[in-house]
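Novice: A single structure is presented below for examination.
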Amino acid sequence: MYAPAGVKTNKEHPIPETMKAWVLGNPGELTLKSKPVPEPKKAEVLVRIDAVAICATDLEIIYHGPPASIQGGYAFNKNFTPGHEYMGTIVALGPGVDEYRIGQRVTVEIHAGCGQCKRCREGMYTACHNYGLNYGEVDKGHRANGFTTDGGFCEYQINNINTLVAIPDDMSDEEATLVVTAGTAMYGLTELGGLVAGESVVVTGPGPIGLLGVAVAKAMGASPVILTGTRDNRLAIGRELGADHVVNVRNEDAVEAVRRLNGGKGVDYVLECSGAPNAVNEAIRMVNRGGKICLAAFPHEETPVNVADIVRNNIYLYGIRGEGKSATHRAEAFMSQKRFDATKIHTHTFPLDDLPTAIRYAKDRVEDAIKVVVKARGVSAAHKVAAE
Ligand SMILES: [Zn+2]
Ligand SMILES: [Zn+2]
Numbered sequence: 011m012y013a014p015a016g017v018k019t020n021k022e023h024p025i026p027e028t029m030k031a032w033v034l035g036n037p038g039e040l041t042l043k044s045k046p047v048p049e050p051k052k053a054e055v056l057v058r059i060d061a062v063a064i065c066a067t068d069l070e071i072i073y074h075g076p077p078a079s080i081q082g083g084y085a086f087n088k089n090f091t092p093g094h095e096y097m098g099t100i101v102a103l104g105p106g107v108d109e110y111r112i113g114q115r116v117t118v119e120i121h122a123g124c125g126q127c128k129r130c131r132e133g134m135y136t137a138c139h140n141y142g143l144n145y146g147e148v149d150k151g152h153r154a155n156g157f158t159t160d161g162g163f164c165e166y167q168i169n170n171i172n173t174l175v176a177i178p179d180d181m182s183d184e185e186a187t188l189v190v191t192a193g194t195a196m197y198g199l200t201e202l203g204g205l206v207a208g209e210s211v212v213v214t215g216p217g218p219i220g221l222l223g224v225a226v227a228k229a230m231g232a233s234p235v236i237l238t239g240t241r242d243n244r245l246a247i248g249r250e251l252g253a254d255h256v257v258n259v260r261n262e263d264a265v266e267a268v269r270r271l272n273g274g275k276g277v278d279y280v281l282e283c284s285g286a287p288n289a290v291n292e293a294i295r296m297v298n299r300g301g302k303i304c305l306a307a308f309p310h311e312e313t314p315v316n317v318a319d320i321v322r323n324n325i326y327l328y329g330i331r332g333e334g335k336s337a338t339h340r341a342e343a344f345m346s347q348k349r350f351d352a353t354k355i356h357t358h359t360f361p362l363d364d365l366p367t368a369i370r371y372a373k374d375r376v377e378d379a380i381k382v383v384v385k386a387r388g389v390s391a392a393h394k395v396a397a398e
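This is how it looks when you write it as structure tokens:
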């Protein structure tokens, strides 16, 4: 029987002592193992994971290592369970928790900062100064499930209450896994420099964050919203999510197209989501003088940047990490008000036991996969579900 001291449980939601969990071995090697169901401490709950989406960052972690940091180093061969874009049902409450109830459906954001550093105190907990320090003598209590602590490719996980976002009954499990992606787009658009409502925006790169960046920008009243990319099928989804114009950069020069589409002028704001090596310099030429560029993707190599144009044109350039300042809660508010339909980027669902297949679909973009979700229950084995 699962009955840790001080933890509230409920007979309607029985909890086993052990669970299925995917564990990372060598790079690219995942094995399904049994792990003890973790125990929530103060300010934590136990979430039964009902659905988890695969993110490009999961693929980075599984095949290359960073940005995960387990016990001060790479995540390989440390009994680590990756996965961070999950949602589920609360089944146990840690000591003193009364902010949520057992049986409540929630989605999660990733970063529970240390809560004591300068950035956490400012609400920028995704830039916590104690990132990854949650072990040994330097334990500051930082958690980022799937990055510095065990994540969601399993049946149960513990979450700090600060990382929980309540969701309405009519939001599907699959849609709920996308709230944190929309939250990241929201953080990129509203924090730091910040998009002023009604201003013009270019989103470069129609990956999940870029596509939901289009949706959030449009919902915020941006005009026009221009999406650039190389794949027509993804650009078409961008249009459905609110892009006024799309530009296939294989067919025309992105900078010239942006200027033409915005009356000969550069735009006020660029949300860079492609990670392409030339993306920053193109963004510098896409914004108008005094414009802002938010970098939400990263190239693998160091890239030269045209500093002179940034200075001469008073351009603001900054990076963002993840989904801070409660942006995920604001994204959920947009989604529960049906300001956009995030499920347009969900393409496939697989059972949790088929995670390697799901990862192959996400990595190789099999059948034009965008967001691939795995579920521990409700999906029959050996049958993938292609989303509508
Ligand atoms: Zn992610
Ligand atoms: Zn901190």
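Position 253 of the sequence shown, counting from 1, maps to 263 under this note's numbering, and the rest follow consecutively.
All C-beta atoms in this analysis are idealised placements derived from N, C-alpha and C, irrespective of residue type, glycine included.
The model shown is predicted, which means the values in this text are computed figures rather than measured ones.
Pick helix, strand or coil for residue 74, following the three-state DSSP scheme.
Specialist: Taking the first residue of the sequence shown as position 1, residue 74 is located at position 64. Looking at residue 74 - three-state DSSP - the assignment turns out to be coil, as it is neither helix nor strand.
Novice: Please specify which runs of the beta strand (DSSP E), each continuous and at least 3 residues long, are wholly inside the segment 68-123, giving them in chain order.
Specialist: 95-103, 115-118
Novice: Name all residues in chain order for which at least one heavy atom of ligand 1 lies closer than 6 Å to the residue's CB.
Specialist: 65, 67, 94, 95
Novice: Using a 10 Å radius around the Cβ and a threshold of 16 neighbouring Cβ atoms, would you call residue 167 buried or exposed?
Specialist: Numbered from its first residue, the sequence shown carries residue 167 at position 157. Its Cβ being crowded by 16 or more others within 10 Å, residue 167 is buried.
Novice: Say yes only if the C-beta of residue 123 is nearer than 8 Å to one or more non-hydrogen atoms of ligand 2, and no if none qualify.
Specialist: In the sequence shown, residue 123 corresponds to position 113, counting from 1. Result yes, Cβ under 8 Å from ligand 2.
Novice: Taking a contact to mean a Cβ-Cβ separation below 9 Å, would you say residue 31 touches residue 359 in this structure?
Specialist: Walking along the sequence shown from the start, residue 31 turns up at place 21. Walking along the sequence shown from the start, residue 359 turns up at place 349. Cβ atoms of residue 31 and residue 359: not closer than 9 Å.
Novice: Could you tell me which of 282, 256, 261, 286 sits nearest to residue 272, measuring between CA atoms?
Specialist: Taking the first residue of the sequence shown as position 1, residue 272 is located at position 262. Distance from the Cα of residue 272 is smallest, within the candidate group 282, 256, 261, 286, for 256.
Novice: Please tell me whether, using a cut-off of 8 Å, the distance from the CB of residue 145 to the nearest non-hydrogen atom of ligand 2 is below it.
Specialist: Position 135 of the sequence shown, counted from the first residue, corresponds to residue 145. No.
Novice: Since residue 18 contacts residue 80 with CB under 8 Å, what's their CB separation in whole angstroms?
Specialist: Working through the sequence shown from its first residue, we reach residue 18 at position 8. Working through the sequence shown from its first residue, we reach residue 80 at position 70. That belief does not hold up - the Cβ atoms of residue 18 and residue 80 are roughly 30 Å apart, past 8 Å.
Novice: Residue 72 and residue 38 - do their beta-carbons sit closer together than 9 Å?
Specialist: Position 28 of the sequence shown holds residue 38. Position 62 of the sequence shown holds residue 72. Result yes, Cβ atoms of residue 38 and residue 72 sit closer than 9 Å.
Novice: Please work out which residues of its chain come closer than 6 Å, Cβ to Cβ, to residue 22, disregarding the five sequence neighbours upstream and downstream, and give them in chain order.
Specialist: In the sequence shown, residue 22 corresponds to position 12, counting from 1. Around residue 22: no qualifying Cβ.
Novice: Would you kindly check if the distance between the Cβ of residue 333 and the Cβ of residue 121 is under 9 Å?
Specialist: By one-based count along the sequence shown, residue 121 stands at place 111. By one-based count along the sequence shown, residue 333 stands at place 323. Against a cut-off of 9 Å, the Cβ pair of residue 333 and residue 121 comes out as a contact.
Novice: Check for me: the beta strand (DSSP E) holding residue 61 runs from which residue to which?
Specialist: Taking the first residue of the sequence shown as 1, we reach residue 61 at position 51. The continuous beta strand (DSSP E) containing residue 61 extends over residues 54-63.
Novice: Going by beta carbon distance, what residues of the same chain come within less than 7 Å of residue 191, once the five residues before and after it are set aside?
Specialist: Looking up residue 191 in the sequence shown gives position 181. Once the five neighbours on either side are set aside, the close Cβ partners of residue 191 are 95, 218, 219, 222.
Novice: Jot down the residue ranges of each uninterrupted beta strand (DSSP E) in the segment 195-235, minimum 3 residues, whole runs only, in chain order.
Specialist: 211-214
Novice: What does the alpha-carbon distance come out to for the pair residue 145 and residue 151?
Specialist: In the sequence shown, the residue the question calls residue 145 occupies position 135. In the sequence shown, the residue the question calls residue 151 occupies position 141. About 8 Å.
Novice: Applying the criterion that 16 or more other CB atoms from any shown protein chain within 10 Å of the CB defines a buried residue, is residue 242 buried or exposed?
Specialist: On the sequence shown, position 232 is the one that residue 242 refers to. Flag for residue 242 reads exposed.
Novice: Counting C-beta neighbours from all protein chains within 10 Å, is the total for residue 393 16 or more, i.e. buried, or is it exposed?
Specialist: One-based indexing of the sequence shown puts residue 393 at position 383. Residue placement at residue 393 is poorly supported in this model, since its pLDDT is 49, which falls under 50; the coordinates still yield a value, given next. It is exposed - the Cβ of residue 393 has fewer than 16 other Cβ atoms within 10 Å.
Novice: Do the CB positions of residue 76 and residue 156 come within less than 9 Å of each other?
Specialist: The residue labelled residue 76 in the question sits at position 66 within the sequence shown. The residue labelled residue 156 in the question sits at position 146 within the sequence shown. No, Cβ-Cβ distance for residue 76 and residue 156 is not below 9 Å.
Novice: Ignore the nearest five residues each way along the sequence and tell me which others in residue 323's own chain have a CB closer than 6 Å to its CB.
Specialist: As a working mapping, residue 323 is identified with position 313 in the sequence shown. Contacts found: 299.
Novice: Check whether the Cβ atoms of residue 40 and residue 314 lie closer than 9 Å to each other.
Specialist: As a position in the sequence shown, residue 40 is number 30, starting the count at 1. As a position in the sequence shown, residue 314 is number 304, starting the count at 1. No.
Novice: Can you tell me where the alpha helix (DSSP H) with residue 278 in it begins and where it stops?
Specialist: Within the sequence shown, the letter at position 268 stands for residue 278. Here residue 278 belongs to no alpha helix (DSSP H); instead the beta strand (DSSP E) covers 277-282.
Novice: Would you kindly report the start and end of the unbroken beta strand (DSSP E) that includes residue 304?
Specialist: Sequence index remark: in the sequence shown, residue 304 carries index 294 (1-based). From DSSP, the beta strand (DSSP E) with residue 304 extends over 297-305.
Novice: Taking residue 168 as part of the beta strand (DSSP E), name the residues at either end of that continuous run.
Specialist: The residue you call residue 168 lines up with position 158 of the sequence shown. Where residue 168 is concerned, the enclosing beta strand (DSSP E) stretches over 166-170.
Novice: Please report the distance separating the alpha-carbon of residue 326 from that of residue 317.
Specialist: Residue 326 sits at position 316 when you count from the first residue of the sequence shown. Residue 317 sits at position 307 when you count from the first residue of the sequence shown. Residue 326 and residue 317 have their C-alpha atoms roughly 11 Å apart.
Novice: For residue 257, report the span of its beta strand (DSSP E) as first-last.
Specialist: As a working note, residue 257 is residue 247 in the sequence shown. Residue 257 -> beta strand (DSSP E) spans 255-258.
Novice: If we ignore side chains and look at the alpha-carbon of each, how far apart do residue 88 and residue 177 end up?
Specialist: One-based indexing of the sequence shown puts residue 88 at position 78. One-based indexing of the sequence shown puts residue 177 at position 167. If you take the alpha carbons of residue 88 and residue 177, they lie about 33 Å apart.
Novice: Determine, using beta carbons only, whether residue 227 and residue 195 come nearer to each other than 9 Å.
Specialist: Sequence index remark: in the sequence shown, residue 227 carries index 217 (1-based). Sequence index remark: in the sequence shown, residue 195 carries index 185 (1-based). Contact flag set, yes.
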